[in-house]
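Protein chains in written order, with this note's numbering: chain A, 278 to 637; chain B, 76 to 613. Glycine is no exception: its CB is placed at the ideal position from the N, C-alpha and C atoms.
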């Protein structure tokens, strides 16, 4: 497929340079194609969101002026928001501004959407990252163990626990978690990102409170942040654990029934070695896809969990924008979600190449 | 064995330490008031634009108006930034004398020019709050002559009619009556889309610049609001140094925080959680009857709903007393009139609550209207409590008399927008008047200046419902000019009793503001219109 000059060995420095240039050009072309594909996807995503959004019977003007403003004010703000123009023109203006890096103002918060996103997205990334670490840290070993002990009690327990994690609503789990671990036992912090004593103490640099508090050398704030993130992250991590464990189990079962596993066992290798050193590396590629998807799902923001834990994250921001008919917020968030998926796709592509010898 | 025991001991020690750490952190700071509240509604801090309760409460604790409402009785007016005022003999010119020597937090003196600019900008910007002035005949076209600073300490306001002062002066107690720091705002003035000045509206979205007990130091949307006490406040320092409002949307989460002592007040508890608070010896409830009314509004253009007998039938389809004991136990008092209890001109309780659930009576009225077999009608409502509860209750009772109610739930923005377009049949909504006088709601619910669709008088609920009757228009306008209080009250009683039979709105409850708080918090005061952070102590 990737034939051409590179397939034929050519000697000499001139040839090597020509070969190098060709490769460079090819890589450049490939990158350009990728970039334009990304651009077109994002544009399509924006267009669809915009037109569907504008067709919803939501009126952003009322949100701005209040319910009892006179009609003249209504009309003026209607014009100010550009709603009197044809849809395609509104869209063109919006895209033009986005290309200049201007995402407009958010009606709900009165801030620039870009500033809001710099605040809410890191909050969600922080939560999602801790959650996925928990999800992978528990889900993969559970899945492998369940596969190895297929049909035994251990397998059943992992399956049932997984099923609960997968099907119990996070909203309910969150509330139960708060009742038990916050209100009754007092092991973790309550809703919010940090205790009331530390609010406003840390100047956001990265937006990740765990990192910012360490950068500011405030260990108390750091521990308070840990105290507050641990429960929501565990709840979210639990449902990814369930998903990851289930997938790991079925990938492993497939590998464990392969002949090379039997051969390895016959050769006298220990079971642990066969499982972890022979079978497990072979499911890595599939596992990366599953983990990337689970992570992307978490990055979209879990609205209900964010609501229960008063977590000022991306999911709630998008939902509130949507309910207020605030298209600036909805479109910018759609772009972020689109970019997240594309970025995670790219990363898992790169990981494939590293993990799968056939693609090297 | 020994190893296992060591591990066990270490684990319990760790557990004890973490629990102790958690316990130590559960108290709120002694000099701060910490509240959990759903603050998603905050849109702007500009007093000219604010239109919802959360921000209204915040700015009322950061900005002083010309005239204060007494902390215990909203109908009692007290000197604010104006130390005294007088009314001219013809009753049209009000002269306010501002206190001398006051300074904004920026250090700029508080002047009559500030007051002039602050009032005019409300009119120029024309948001909902401008109606508080325009309904008395002030207008943006005439603002320059109607609102004038005579000198640095004297402000004159001239109105076209000799309104009763007890009525008109309320306008200076609310957010439209704040004196803003003009000099501090002017460098931030921008322009609007039509090229006119924005009078600092853009900057004031996220800033406050006025004289008051607290100042806003941080607002992070859907997360936190922090107020800090202003040192050297002219009425003396307030007891609590800081007010921290944390955004928590979930009732159950708020309750857990309150029980653990991580907050002092929970603002959005549902009936179940309020009951738990009531039963908890460490916590208490503190209620005030607000003037907000819940009602089901009917569109008079509708061929069936326009019939007075049909609406009479519907008034008998709500179990006011039953709901007051259950769903609305903590959050509402049953009420059928457009003048809320506590306002000037309100009916006495036995005349203001005259309906009850009565299926036979409803059938009777339907038969009289010629709809004995019922009909189908759409009822729209918002998502917030108690809209879904009352809508479903009404639907169930209506079904008993053959009225098939199709319920449509939607976001509040959409709901208001549909009302303003007269695009509805029945709608469940709430309305808060601006001041404690019958006139406030009479002017919006009863009086309709122009019923033509193209008049687009969306700020009048009567116009939205296409309700237009000459007698009511004339009576409402007459009442607001009567200077004899007794005579004015009697006329309002008459208007209310007729409106309860003929009006398009079927009022059912008056809202109660229920604050759930820790026992340690003392002297926290609130009344129908305002919540004061300034009196609270721990």
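Cβ-based neighbour list, residue i, same chain, cut-off 7 Å, excluding 5 preceding and 5 following
| i | result |
| --- | --- |
| residue 259 (chain A) | There is no way to answer for residue 259 (chain A), as the model of chain A reaches only from 278 to 637. |
| residue 603 (chain A) | 337, 383, 384 and 385 |
| residue 460 (chain B) | 345 |
| residue 326 (chain B) | 343, 344, 345 and 348 |
| residue 279 (chain A) | Reliability fails at residue 279 (chain A), whose pLDDT of 37 lies under 50, so the model's placement of it is uncertain and the value that follows must be treated cautiously. Closer than 7 Å at Cβ, skipping near neighbours: no residue. |
| residue 634 (chain A) | none |
| residue 606 (chain B) | 132 |
| residue 492 (chain A) | 482 |
Partner residues on chain A for residue i, Cβ-Cβ distance less than 8 Å
| i | result |
| --- | --- |
| residue 133 (chain B) | What residue 133 (chain B) touches in chain A: nothing, since even the nearest Cβ is about 14 Å away. |
| residue 328 (chain B) | 452, 455, 467, 468, 585, 586 and 587 |
Same chain, Cβ closer than 8 Å to residue i, five either side skipped, listed in chain order
| i | result |
| --- | --- |
| residue 201 (chain B) | 215 |
| residue 299 (chain B) | 293, 319, 320, 321 and 322 |
| residue 544 (chain A) | none |
| residue 481 (chain B) | 451, 452, 453 and 454 |
| residue 101 (chain B) | Interpretation of residue 101 (chain B) is limited by its pLDDT of 49, a score under 50 that renders its predicted location unreliable; the figure taken from the coordinates is listed afterwards. The answer, listed in chain order, is 335, 336 and 337. |
Residue range of the beta strand (DSSP E) that includes residue i
| i | result |
| --- | --- |
| residue 289 (chain B) | 289-295 |
| residue 223 (chain B) | 222-226 |
| residue 501 (chain B) | 501-506 |
| residue 320 (chain B) | 317-322 |
| residue 157 (chain B) | 157-162 |
| residue 207 (chain B) | Where residue 207 (chain B) is concerned, there is no enclosing beta strand (DSSP E), although the alpha helix (DSSP H) it sits in stretches over 206-209. |
| residue 153 (chain B) | 152-154 |
| residue 109 (chain B) | 107-112 |
Contact set between residue i and chain B, taken where Cβ atoms lie within less than 7 Å
| i | result |
| --- | --- |
| residue 339 (chain A) | 488, 491 and 492 |
| residue 387 (chain A) | 118, 119, 280 and 281 |
| residue 584 (chain A) | 324 and 325 |
| residue 343 (chain A) | 126, 202 and 203 |
| residue 335 (chain A) | 486, 488 and 489 |
Cross-chain neighbours of residue i in chain A, by beta carbon under 7 Å
| i | result |
| --- | --- |
| residue 233 (chain B) | In chain order: nothing, as chain A lies at least about 22 Å away. |
| residue 323 (chain B) | 468 and 587 |
| residue 331 (chain B) | 455, 456, 459, 460 and 467 |
| residue 334 (chain B) | 460 |
Contacts of residue i in chain B (Cβ-Cβ under 8 Å)
| i | result |
| --- | --- |
| residue 595 (chain A) | The premise fails here: residue 595 (chain A) is roughly 12 Å from chain B at the closest Cβ pair, so nothing lies under 8 Å. |
| residue 600 (chain A) | 486 and 488 |
| residue 393 (chain A) | 296 |
Chain-order list of residues whose beta-carbon lies under 6 Å from that of residue i (same chain, five-residue window excluded)
| i | result |
| --- | --- |
| residue 450 (chain A) | 512 |
| residue 577 (chain A) | 614 |
| residue 508 (chain B) | 366, 515 and 516 |
| residue 246 (chain B) | 207 |
| residue 596 (chain A) | 580 |
| residue 499 (chain A) | 490 and 491 |
Range covered by the alpha helix (DSSP H) that runs through residue i
| i | result |
| --- | --- |
| residue 258 (chain B) | 257-260 |
| residue 231 (chain B) | Per DSSP, residue 231 (chain B) belongs to no alpha helix (DSSP H); it is in the beta strand (DSSP E), 229-233. |
| residue 531 (chain A) | 496-533 |
| residue 563 (chain A) | 557-576 |
| residue 354 (chain B) | 346-354 |
Beta-carbon neighbours of residue i, restricted to chain A and to distances below 9 Å
| i | result |
| --- | --- |
| residue 452 (chain B) | Result: empty, since nearest Cβ-Cβ is about 20 Å, beyond 9 Å. |
| residue 533 (chain B) | 344, 345, 346, 347, 348 and 351 |
| residue 206 (chain B) | 345, 346 and 347 |
Identified DSSP bridge partners for residue i
| i | result |
| --- | --- |
| residue 489 (chain B) | In DSSP, residue 489 (chain B) forms no bridge with anything. |
| residue 331 (chain B) | Paired residues: none, contrary to the question. |
| residue 372 (chain B) | B:502 and B:580 |
| residue 168 (chain B) | B:233 |
| residue 272 (chain B) | B:266 |
| residue 520 (chain B) | Beta-bridge pairing links residue 520 (chain B) to no other residue. |
| residue 361 (chain B) | B:590 |
| residue 585 (chain B) | B:368 and B:408 |
| residue 450 (chain B) | B:478 |
- With 9 Å as the C-beta to C-beta threshold (strictly closer), list the residues of the stretch 357-373 of chain A near chain C in chain order. Among the chains of the structure shown, chain C does not appear; the protein chains present are A and B.
- Message: Would you call the stretch 478-495 of chain B in contact with the stretch 219-239 of chain B, where contact means no fewer than 3 C-beta pairs closer than 8 Å?
- Response: no
- Query: Are at least three pairs of beta-carbons, each pair with one atom in the stretch 604-622 of chain A and one in the stretch 314-333 of chain A, less than 8 Å apart?
  - Reply: Judged by Cβ distances under 8 Å, the stretch 604-622 of chain A makes contact with the stretch 314-333 of chain A, as three or more pairs qualify.
- Counting pairs of Cβ atoms below 8 Å between the stretch 565-579 of chain B and the stretch 407-415 of chain B, do you hit three or more? yes
- Between the stretch 336-347 of chain B and the stretch 586-599 of chain B, do at least 3 Cβ pairs fall closer than 8 Å? yes
- Query: Are the stretch 361-372 of chain A and the stretch 261-278 of chain B in contact at 8 Å, needing three or more beta carbon pairs?
  - Reply: no
- At a cut of 8 Å, does the stretch 168-187 of chain B reach the stretch 273-292 of chain B through at least three beta carbon pairs? yes
- Report yes or no: do three or more beta-carbon pairs, one from the stretch 440-449 of chain A and one from the stretch 482-489 of chain A, lie closer than 8 Å? no
- State whether the stretch 378-389 of chain B contacts the stretch 439-448 of chain B, with contact taken as three or more CB pairs (one from each stretch) at a distance under 8 Å. yes
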